[in-house]
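Numbering (UniProt numbering), first residue to last: 1 to 417.
Where is the CB? At the ideal position from N, CA and C, for every residue including glycine.
Here's the structure, in structure tokens; my notes come after.
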């Protein structure tokens, strides 16, 4: 295995780095080997030596926090780039291209090999999740989680996570809802044994204790490693190494010292901190995927059941409306026939010589009963007056009574037979 002494020329030639900006510092765009591992994009600088130790970092943060610049800074630190070299290497593609890439690749793995012993005793793997918490919504976050699961389970994927870096500005005094959502979403992928490996990587730092940012993390109850004061463990960076040094040189030197100090502390943390077993994380991801599938199945079934319930309710309402309409029409027909019969009785009373004849009066009881059901008291009274004339002893009354007696006699005779 060949290792390189630091020389910008050698690095540029070997990795085919393109000169993107002349000046101080000279900026080069590295061209690592790019390949797809399933749905994951892998960017590899150098060749992996299985006999060498590796450390892996998962970075989480929203756009604008300086995550891309931090990745570039980690690469430069690993390569041994110093201030006096007056060069700067970039592995993250430029902003426009990286935004376009994040729409298709939601997980990017950067592998930095061949520089073991230059600054670090190990090679470095950096996992970036640019697709997490973007404008495509929670469904896209499920896809990112699935891709991380694939990465952790793949034979040639990542099987260790030494640190999860929560990237935010040192000047933050509260976590935005979006940033908190991103942190919560990613941290929920890991088991409880990962908590001591989760740290705050604070960018845009002036080197002083970031009280506001630490307070914001505490207020949001973010699970992470804590120091003896029970505060989140922070590492400070002020990534200005790529900025033009022809002006404000002393300020930029100070910023570089802050970043180098932060890099030294962070990489020392990576070397000394025990690495949790990713089996728990895989178990968590598996259960989350199962839960998501179960909830989706439940949602589909509930939606189907509710659709059927609405259809039944609509059918019931239509049937009820139809029945009510039919009942109303039947009642109207009944009332119409009842009114017609009443008018016949009234007409007979007006024109018949003997209005109280038996043929008329035998129907009065039925008409009176139905008029009472209808609630037409005026017509009930009229009919009862007509009936009372028979009950007062008219021949019609006698005939009715005689008929009734004969009917009862016949019924009794039938029983004896």
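Report all residues from its chain with a CB closer than 7 angstroms to the CB of residue i; omit the five preceding and five following residues, and keep chain order.
i: residue 312; result: none
i: residue 317; result: none
i: residue 179; result: 62 and 168
i: residue 153; result: 282
i: residue 80; result: 6, 115, 118 and 119
i: residue 92; result: 68, 71, 72 and 98
Thinking residue i and residue j are a contact (beta carbons under 8 angstroms), I'd like their distance in whole angstroms, please.
i: residue 107; j: residue 40; result: 5 angstroms
i: residue 48; j: residue 116; result: Going by Cβ atoms, the distance from residue 48 to residue 116 rounds to 11 angstroms, so no, they are not a contact pair.
i: residue 65; j: residue 169; result: 6 angstroms
i: residue 166; j: residue 60; result: 6 angstroms
i: residue 189; j: residue 55; result: That belief does not hold up - the Cβ atoms of residue 189 and residue 55 are roughly 19 angstroms apart, past 8 angstroms.
What does a CB cutoff of less than 8 angstroms around residue i pick up in its chain, not counting 5 residues either side in sequence?
i: residue 338; result: 367, 370, 371 and 374
i: residue 335; result: 374
i: residue 383; result: 342, 345, 364, 367, 368 and 371
i: residue 24; result: 86, 244, 245 and 246
i: residue 193; result: 276, 277 and 280
i: residue 298; result: none
i: residue 195; result: 223, 224 and 225
What residues in its chain sit with their C-beta under 6 angstroms from that of residue i, if we drop five residues either side in the sequence?
i: residue 325; result: none
i: residue 266; result: 235
i: residue 89; result: 28, 30 and 76
i: residue 46; result: 113 and 114
i: residue 387; result: 364
i: residue 44; result: 32, 33 and 111
i: residue 227; result: 233
i: residue 128; result: 59 and 108
So is residue i buried or exposed if we call it buried at 16+ other beta carbons inside 10 Å?
i: residue 290; result: exposed
i: residue 38; result: exposed
i: residue 454; result: Because the chain spans 1 through 417 in this model, residue 454 falls outside it and cannot be assessed.
i: residue 379; result: buried
i: residue 123; result: buried
i: residue 255; result: buried
i: residue 276; result: buried
i: residue 32; result: buried
i: residue 211; result: exposed
i: residue 121; result: exposed
i: residue 239; result: buried
i: residue 395; result: Caution is warranted here: a pLDDT of 48 is assigned to residue 395, below 50, making its placement in the model unreliable, and no coordinate value can be reported.
i: residue 151; result: buried
i: residue 213; result: buried
i: residue 57; result: buried
i: residue 301; result: exposed
i: residue 126; result: buried
i: residue 42; result: buried
i: residue 307; result: exposed
i: residue 327; result: exposed
i: residue 272; result: exposed
i: residue 241; result: buried
i: residue 147; result: buried
i: residue 1; result: With a pLDDT of 41 at residue 1, under the threshold of 50, the modelled position of this residue cannot be trusted; read the value that follows with caution. Label assigned to residue 1: exposed.
i: residue 100; result: Confidence at residue 100 is low in this model, with a pLDDT of 46, below 50, so the placement of that residue is unreliable and no value is reported for it.
i: residue 330; result: exposed
i: residue 78; result: buried
i: residue 304; result: exposed
i: residue 285; result: buried
i: residue 74; result: buried
Go to residue i, then tell me how far its beta strand (DSSP E) extends in each direction, as first and last residue.
i: residue 43; result: 40-45
i: residue 90; result: 87-90
i: residue 235; result: 234-236
i: residue 54; result: 54-60
i: residue 66; result: Residue 66 -> no beta strand (DSSP E), and no H or E assigned at all.
i: residue 127; result: 123-128
i: residue 109; result: 108-112
i: residue 203; result: 198-203
i: residue 165; result: 163-169
i: residue 33; result: 33-37
Could one say the Cβ of residue i lies closer than 8 angstroms to chain D's Cβ atoms, at least one of them?
i: residue 332; result: Although the question refers to chain D, the structure presented lacks it and comprises just one protein chain.
If you follow the alpha helix (DSSP H) that residue i is part of, which residue opens it and which one closes it?
i: residue 298; result: 278-351
i: residue 186; result: 177-187
i: residue 250; result: 249-272
**Prompt:** Would you call the region 171-185 and the region 259-271 touching, i.e. three or more CB-CB distances under 8 angstroms?
**Reply:** Per the Cβ contact rule, the region 171-185 is not in contact with the region 259-271 (fewer than 3 Cβ pairs under 8 angstroms).
**Prompt:** Touch check for the region 281-288 and the region 152-172: three-plus C-beta pairs under 8 angstroms?
**Reply:** In this structure the region 281-288 touches the region 152-172; the number of beta carbon pairs closer than 8 angstroms is three or more.
**Request:** Would you be able to state if there are at least three C-beta pairs under 8 angstroms between the region 217-227 and the region 235-253?
**Result:** Flag = no, the region 235-253 and the region 217-227 do not touch.
**Request:** Determine, using beta-carbon pairs with one atom in the region 233-244 and one in the region 185-204, whether at least three such pairs fall under 8 angstroms.
**Result:** Between the region 233-244 and the region 185-204, the count of Cβ pairs shorter than 8 angstroms is three or higher; the stretches touch.
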